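Report on one structure; see the data block that follows.
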Amino acid sequence: MIHLIDKIKVRDEKKIESYAIKNKLQLYKLAIGVAKDYYDNKTQYSSLQDALSRCVIGNLMRQYNQNDDELDNSDDFGLEQEAEIILDHIEKFNDLFENGKYIDAAYFAVASPKNILSNIETLYRFKNISEKIEMDAKTDPLMVYCEAMIDSASSNFKPDEAISLECIKIALKYNKLETLSRWIAFRKLTFSIEAGKYIEEYSKFNFKNPKNSIELALFVYNECNAISRAALCLAKLGNLKKH
Numbered sequence: 002m003i004h005l006i007d008k009i010k011v012r013d014e015k016k017i018e019s020y021a022i023k024n025k026l027q028l029y030k031l032a033i034g035v036a037k038d039y040y041d042n043k044t045q046y047s048s049l050q051d052a053l054s055r056c057v058i059g060n061l062m063r064q065y066n067q068n069d070d071e072l073d074n075s076d077d078f079g080l081e082q083e084a085e086i087i088l089d090h091i092e093k094f095n096d097l098f099e100n101g102k103y104i105d106a107a108y109f110a111v112a113s114p115k116n117i118l119s120n121i122e123t124l125y126r127f128k129n130i131s132e133k134i135e136m137d138a139k140t141d142p143l144m145v146y147c148e149a150m151i152d153s154a155s156s157n158f159k160p161d162e163a164i165s166l167e168c169i170k171i172a173l174k175y176n177k178l179e180t181l182s183r184w185i186a187f188r189k190l191t192f193s194i195e196a197g198k199y200i201e202e203y204s205k206f207n208f209k210n211p212k213n214s215i216e217l218a219l220f221v222y223n224e225c226n227a228i229s230r231a232a233l234c235l236a237k238l239g240n241l242k243k244h
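If you want the numbering used here, it's the position in the sequence shown, counting the first as 1, plus 1.
This is the structure:
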């Protein structure tokens with residue numbers, strides 16, 4: 002029996018090692034492709050670092066989604082092992098957060114198995130830090146968390162209305178209208194009338210180009226079938242054309 006257990010242990014260790022090598026090679030391949038696209042001006046990102054960061058996040062999400070499928074379908078892992086993986090991830094996240102490594106914690110949370118840390122409770126933890134310390138968009142863990150989570154949203158996971166609204170608020174706090182436009186265009190958010198109102202309200206402070214935020218609000222209202230709100234946006238756009 003002991004000999005059999007040792008064999009199983011060795012087999013599992015080799016399997017984990019194989020996964021690690023495979024993921025590393027895949028990441029290198031993705032990074033090379035992203036760098037080539039960036040220098041060929043085929044990417045939407047402002048810097049190579051930004052493009053590579055998105056590549057890493059995307060790879061992590063695919064890796065964990067793949068692991069989720071294997072946990073669901075494989076006879077080698079049971080519910081105990083699945084729970085252990087999730088609890089271990091939460092523990093590591095808490096360690097990062099409690100040690101003040103908020104940016105690392107933000108990326109780690111987004112890469113959590115089964116999106117266990119992509120929730121409103123985790124978001125509020127980062128929001129609490131964001132409200133206490135003055136930061137910019139690059140160092141604010143709430144912005145990092147929201148941007149990483151929304152950019153990695155897929156058919157398997159899409160933020161709900163509450164999370165989407167909070168992500169919209171933090172993006173507009175830092176005037177990241179282009180980021181918000183990308184989220185909306187690719188339908189990464191769950192739209193709501195309240196979200197549309199918040200974006201529409203932002204047009205009052207977007208002195209350079211209020212039209213952009215009104216158009217985004219109009220798109221959201223149309224998605225929510227909020228006809229009266231959409232009509233008001235159209236009227237505002239008409240008035241802007243006259244000036």
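For every residue, glycine included, the Cβ atom is placed at its ideal position computed from N, Cα and C.
Predicted model, so just to flag it, every value in this text is computed and none were measured.
In the three-state scheme derived from DSSP, where H, G and I count as helix and E and B as strand, C225 is classed as coil.
A direct Cα-Cα distance of roughly 26 Å separates Y203 from A107.
Under the rule that a run must span 4 or more residues, the alpha helix (DSSP H) segments found entirely inside the region 140 to 164 read 142 to 152.
By the neighbour-count definition (other C-beta atoms within 10 Å, threshold 16), N95 is an exposed residue. Counting other Cβ atoms within 10 Å of its Cβ, A84 stays below 16 and is therefore classed as exposed. Pairing M150 with G101, the inter-Cα distance amounts to about 20 Å. Apart from the 5 residues on each side of it in sequence, A154 sits with its Cβ closer than 7 Å to the Cβ of P160, K189 in its chain, given in chain order. Taking the Cα of D152 as reference, the smallest distance to any Cα among I169, N240, M136 is reached at I169.
Between G239 and A218, the CB-CB gap reaches or exceeds 7 Å.
In the displayed model, L178 falls within a helix according to three-state DSSP.
In this structure, DSSP gives G197 a helical state, which the three-state scheme calls helix. With a threshold of 16 other beta carbon atoms within 10 Å, F158 falls short and is exposed.
Shown here, D137 sits in coil according to DSSP, grouped into three states, outside any helix or strand. The DSSP-derived three-state label of S119 is coil. The DSSP-derived three-state label of N129 is helix.
Counting of Cβ neighbours within 10 angstroms places F208 among the exposed residues, the total staying below 16.
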